[in-house]
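J.:
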Amino acid sequence: MSDREDNDKAEQASAEALRRALDGESRPANDVGDKVDDADDLAELAESLRAAYDPKALSPKDHEEIISRAIPARSRSNVIRVTFGVVSAMAIAAALILYIGQKPQQSMKDNAPIAWARSRSTAPLFSEPLKAGQAAARIDRIALAREHDFRENRFAARLTKPERSR
Amino acid sequence: MNGAVAILPFGVSAYDPHREVDADAASARDRELVARAQAGDKQALGDLLRTHGPALYRNVLLPRLGSEAAAKDALAEVYEKVLGNIGKFVWQNVGFYPWLRMVALRTAIDHLRKKKRTVLFDADDLEREVDAQNTQTPVDDKLSQMRDARAAQSKVEEALTRINPRYAQAIRLRVLEDRPRDEVSKTMDVTPATFDVLLHRALAALKKAVMSGGESDE
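Protein chains in written order, with our numbering: chain A, 1 to 166; chain B, 167 to 384.
(1) Just to confirm my understanding: we take ASN225 of chain B, look at its own chain, exclude 5 residues before and 5 after, and list those with CB closer than 6 Å. What are they?
(2) ASP207 of chain B to ASP213 of chain B, Cα distance in whole Å?
(3) If I'm right that ALA270 of chain B touches LEU215 of chain B with Cβ under 8 Å, what's the distance once you round it to whole angstroms?
(4) For SER59 of chain A, is the classification buried or exposed, using 16 other Cβ atoms within 10 angstroms of its Cβ as the cut-off for buried?
(5) Which first and last residues belong to the alpha helix (DSSP H) in which LEU271 of chain B is found?
(6) At least one CB of chain B closer than 8 Å to the CB of SER26 of chain A: is that the case?
(7) Of the residues A:ASP54, A:GLU152, A:GLU11, which one's Cα is nearest the Cα of ARG338 of chain B?
(8) Who are the neighbours of SER233 of chain B on chain A, taking C-beta pairs under 8 Å?
(9) If you measure between the beta carbons of ILE252 of chain B and LEU211 of chain B, is that distance less than 8 Å?
(10) Anyone know if the C-beta pair for ARG328 of chain B and ALA368 of chain B falls short of 8 Å?
(11) For ALA57 of chain A, which residues in chain B fall below 7 Å Cβ to Cβ?
(12) By the 10 Å Cβ neighbour count, where 16 or more other Cβ atoms means buried, how is ALA274 of chain B classified, buried or exposed?
(13) At 9 Å on the CB atoms, spell out the chain A contacts of GLN319 of chain B, in chain order.
(14) Please classify ARG340 of chain B as buried or exposed, where buried requires at least 16 neighbouring CB atoms within 10 angstroms.
(15) Quick check on the DSSP output: the alpha helix (DSSP H) that includes LYS56 of chain A runs from which residue to which?
(16) What ranges does the alpha helix (DSSP H) occupy inside the segment 279–316 of chain B, keeping only unbroken runs of at least 4 residues that lie completely in it?
(17) Consider the Cβ of SER14 of chain A: report whether some Cβ of chain B lies at a distance smaller than 8 Å.
(18) Can you give the Cα-Cα distance for ALA15 of chain A and GLU243 of chain B, rounded to whole angstroms?
(19) Whose Cβ in chain A lies nearer than 9 Å to the Cβ of ARG216 of chain B?
(20) What number of angstroms, rounded off, separates the C-alpha of ASP276 of chain B from the C-alpha of LYS352 of chain B?
(21) Does any residue of chain A bring its CB to less than 8 Å from the CB of THR327 of chain B?
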């Protein structure tokens, strides 16, 4: 095949690619290479000629999209301010909920009678004579009972333990 | 008064009292919208752009950038610049459109300098238009738009004079007038396949002429 025939074939292929581009047809998958680049360039030039000679109007829908993209209803600084405000409001609301949630407990403390632990008298324990070796054990049990009562009353006073059991 | 006496293309002047009233009302409305936009009213800025944007796109950006996608991108960029610089705009009797057009031309120049596409206009053409706007007496918005549209058409016509008349005819019929391939083939007395090759050669010759800035030797 001569150079001239090669050139003719290449030109025909490029012309066909240009026709497809001008008609808006998709190109075949194997249609790649210089001839397509060349056709793409020429199709761009043709588009440019049309745009200059008889430009199409911008559709209102496309225009609105461009306006809303360029000029968002809320600017970035407004978004930051709003976000900060919302977070602050939520923090205040959370603090209020905690405060109000604690208030009833506080009023319970003020109003409800405190069930104090009443220590039993140990006098009866000493009306009988102590046998040898028993005194220390009994006094130890009395001391444990008193300690227990003391702790219960401190808890009751602070309302850290709503109900006590003995 | 904003363009009550219009110097029409081809040297015809006309005085239209209704046009004067309309232009004054539009100018007063624009002035109010500009004041509100400068005070931070986004709605007012949006209304200004809704008023002038379509003409800016169709007469300035699309003809000079050569594709809808590029023109839309440039228009969005123009709007962002307007949003950032509306505070610097000083109202003069010529109205808002000339300022907007200047922003658009400068944006288009940036796009053309970065372009990798084959288009009819180049950045130097637009630089000359910017210079002209800075030195010439401002005109009515409609007249300015008409001149822009006419200038783009003239650019095409002038480019076609630089190539073989048969090539120019092929481009005119198939590309500019968007006539069907078969119809144009018949008009030019060739087969459709031969017409494809003819149009390919015609556009290649035009590209060469546009790129070189002179006549194509084909």
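We put the CB at the ideal spot given by N, CA and C, even for glycine.
A quick note: this is a predicted structure, and the numbers were derived from the prediction, not measured.
T.: On the basis of the coordinates in this document:
(1) Residue 225 of chain B sits at position 59 when you count from the first residue of the second sequence. Once the five neighbours on either side are set aside, the close Cβ partners of ASN225 of chain B are GLN311, ASP314, ALA315.
(2) Within the second sequence, residue 207 of chain B is the residue found at index 41, counting from 1. Within the second sequence, residue 213 of chain B is the residue found at index 47, counting from 1. Each residue's alpha carbon lies about 10 Å from the other.
(3) As a first step, residue 270 of chain B is located in the second sequence; it is residue number 104 there, counting from the start. As a first step, residue 215 of chain B is located in the second sequence; it is residue number 49 there, counting from the start. So it is not a contact: roughly 11 Å between Cβ atoms.
(4) The sequence position of residue 59 of chain A within the first sequence is 59, counting from 1. Answer is exposed; the Cβ neighbour count stays below 16.
(5) Residue 271 of chain B sits at position 105 when you count from the first residue of the second sequence. Its alpha helix (DSSP H) spans residues 263–280.
(6) Position 26 of the first sequence holds residue 26 of chain A. Not one chain B Cβ lies under 8 Å of SER26 of chain A.
(7) The residue labelled residue 338 of chain B in the question sits at position 172 within the second sequence. It is A:ASP54.
(8) On the second sequence, position 67 is the one that residue 233 of chain B refers to. By Cβ distance, chain A contributes GLU44, GLU47, SER48, ALA51.
(9) Position 86 of the second sequence, counted from the start, is the residue given in the question as residue 252 of chain B. Position 45 of the second sequence, counted from the start, is the residue given in the question as residue 211 of chain B. For ILE252 of chain B and LEU211 of chain B, yes; Cβs fall inside 8 Å.
(10) Residue mapping note: residue 328 of chain B aligns to position 162 of the second sequence, counting from 1. Residue mapping note: residue 368 of chain B aligns to position 202 of the second sequence, counting from 1. Contact flag unset, no.
(11) Here residue 57 of chain A corresponds to residue number 57 of the first sequence, with the count starting at 1. PRO220, ARG224, listed in chain order.
(12) One-based indexing of the second sequence puts residue 274 of chain B at position 108. By the neighbour-count rule (16 or more Cβ atoms within 10 Å), ALA274 of chain B is buried.
(13) Start at 1 with the first residue of the second sequence, and residue 319 of chain B comes out as number 153. Simply ALA52, TYR53, ASP54.
(14) Counted from its first residue, the second sequence places residue 340 of chain B at position 174. Buried, since its Cβ has 16 or more Cβ neighbours within 10 Å.
(15) Position 56 of the first sequence holds residue 56 of chain A. Taken as a continuous stretch (DSSP letters only), LYS56 of chain A belongs to no alpha helix (DSSP H), as it is neither H nor E.
(16) 289–301
(17) By 1-based counting over the first sequence, the position of residue 14 of chain A is 14. With 8 Å as the cut-off, SER14 of chain A counts as an interface residue toward chain B.
(18) In the first sequence, counting from the first residue as 1, residue 15 of chain A sits at position 15. In the second sequence, counting from the first residue as 1, residue 243 of chain B sits at position 77. For ALA15 of chain A and GLU243 of chain B, the distance between alpha carbons rounds to 36 Å.
(19) Counted from its first residue, the second sequence places residue 216 of chain B at position 50. Ordered by position in chain A, the residues that pass the 9 Å Cβ test against ARG216 of chain B are PRO60, HIS63, GLU64, ILE67.
(20) Here residue 276 of chain B corresponds to residue number 110 of the second sequence, with the count starting at 1. Here residue 352 of chain B corresponds to residue number 186 of the second sequence, with the count starting at 1. Each residue's Cα considered, the two are about 43 Å apart.
(21) By 1-based counting over the second sequence, the position of residue 327 of chain B is 161. No, no contact with chain A.
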